[in-house]
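Enquirer: Residue numbers (the numbering used here): 1118 to 1441.
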Amino acid sequence: MKKESIKMFFESQSTPSDSEKIEQWYINNINNAELDTILLELLKECTQQDEQKARNAFNRTCHRIGIGTPKIMKKRKTIYRWISGIAATVLICGFLLGIHLWSPRFGDIDLEKVYASAGDSKMVILPDSTKIYLKPTSTLFYAANDFARNRKVHLFGEAYVEVTKDMKHPFFVVCNNATIKVLGTKFNVQSHESDSEFEVMLYEGCVDVESDFNNKQVEVLMAPSDIIKIDKNTGEMSQMNISTIANPGQSRKFYFIDKKLEDITNQLERHFQKKIVITNPKLKSIKYDAIFANDETIEQILNCLNASQQMKIIYHDNTIIEIR
1118 MKKESIKMFF ESQSTPSDSE KIEQWYINNI NNAELDTILL ELLKECTQQD
1168 EQKARNAFNR TCHRIGIGTP KIMKKRKTIY RWISGIAATV LICGFLLGIH
1218 LWSPRFGDID LEKVYASAGD SKMVILPDST KIYLKPTSTL FYAANDFARN
1268 RKVHLFGEAY VEVTKDMKHP FFVVCNNATI KVLGTKFNVQ SHESDSEFEV
1318 MLYEGCVDVE SDFNNKQVEV LMAPSDIIKI DKNTGEMSQM NISTIANPGQ
1368 SRKFYFIDKK LEDITNQLER HFQKKIVITN PKLKSIKYDA IFANDETIEQ
1418 ILNCLNASQQ MKIIYHDNTI IEIR
């Protein structure tokens, strides 16, 4: 991987497709000396940052992604100063860079990582027998050698989770700006960066959700059939109870409950590996209620959503769909 590409990614200047490639390269090479070399070279090119401002930014990032602020070793203080400035803008790499600070070569951390590519889903069985069905373009991290004591996973994207009960050891799912605490339950969580809302749908048991979007702290205890949605821009939460929703498990079922068209198309893109472009801005915020549970095609789903004929759907080729 070229240093220039890594730098562009940290500065949020890379394209979405390039960003996905860089993230996956970073994950695959987290224990590689080449990564340290690139980071150090980039460090030398950075100007000195305000120490307290950098420290505050890094502490906020650690809180957001659910890791305690690590003890900084002397030889890594300069790397820490540079990381502090970029970690707040690059979530996955911010988490991994934070992990870098715990030990020189991960001697005490066995970091497991699982990635589901576009159009693909993966089932992960954790050391406690908890099952996680990772949805397309989603990434999962957890410390395997410490999992019996600390049942915590970091999720970037979407997953359906079946948690094994352990009353003595709560299970935590940490997402961007939100943490879900459970003892034993089944639920689905959507936390993709590209979506406008954070969403949790509970099927069995109970979960405690804490969030901090736009500096607005929210905590809610969910009951079965509850759905909560938190607007990432405002921090406002809405809660509803839909008793008719069946457990989706690993199947490709879509539950669009009070969901914006823009977020619906994002989800369809991830599952069907299609590019959907909404050229009419007024359509993006229109909300829909629809359930698709019979392996409908993307064409069938879009046609159903367009029952009122307020959209014009154009299929340019096999990969691009325009909505105007």
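Think of the CB as a built atom: it goes at the ideal place given N, C-alpha and C, for glycine as much as any other residue.
None of the values given here were measured: they were computed from a predicted structure.
Going by CA-CA distance only, name the one from 1329, 1339, 1323 that's closest to residue 1350.
Expert: Nearest option by C-alpha distance: 1329.
Enquirer: Can the beta-carbon of residue 1276 be found closer than 7 Å to that of residue 1300?
Expert: Cβ atoms of residue 1276 and residue 1300: not closer than 7 Å.
Enquirer: Could you name the residues that DSSP lists as bridge partners for residue 1269?
Expert: The partner list for residue 1269 (beta bridge, DSSP) reads 1289.
Enquirer: Would you kindly work out how many angstroms separate the C-alpha atoms of residue 1385 and residue 1274, rounded to a whole number?
Expert: Spanning the two alpha carbons is a distance of roughly 14 Å.
Enquirer: So what's residue 1279 in DSSP terms, helix, strand or just coil?
Expert: Strand.
Enquirer: Answer yes if the stretch 1331 to 1340 comes into contact with the stretch 1412 to 1428, meaning at least three C-beta pairs across the two stretches below 8 Å, and no otherwise.
Expert: At 8 Å Cβ cutoff, the stretches do not touch.
Enquirer: Going by the beta-carbon positions, is the gap between residue 1438 and residue 1391 smaller than 7 Å?
Expert: Going by C-beta atoms, residue 1438 is nearer than 7 Å to residue 1391.
Enquirer: Return the CA-CA distance between residue 1316 and residue 1380, expressed in angstroms with no decimal places.
Expert: Cα to Cα, residue 1316 sits roughly 11 Å from residue 1380.
Enquirer: What residue range is occupied by the uninterrupted alpha helix (DSSP H) comprising residue 1383?
Expert: Where residue 1383 is concerned, the enclosing alpha helix (DSSP H) stretches over 1378 to 1389.
Enquirer: Taking only the alpha-carbon atoms, compute the straight-line gap between residue 1393 and residue 1294 and give it to the nearest angstrom.
Expert: Rounded to the nearest angstrom, the two C-alpha atoms are 27 Å apart.
Enquirer: Could you give the residue range of the alpha helix (DSSP H) that holds residue 1403?
Expert: No alpha helix (DSSP H) contains residue 1403, which DSSP labels as neither H nor E.
Enquirer: CA-CA distance, residue 1422 and residue 1285?
Expert: Between residue 1422 and residue 1285, the C-alpha separation is close to 45 Å.
Enquirer: Do you know how far the Cα of residue 1255 is from the Cα of residue 1388?
Expert: Those two C-alpha atoms are separated by around 11 Å.
Enquirer: Hey, residue 1271 and residue 1241: beta-carbon distance below 7 Å or not?
Expert: No, these two residues do not count as a Cβ contact at 7 Å.
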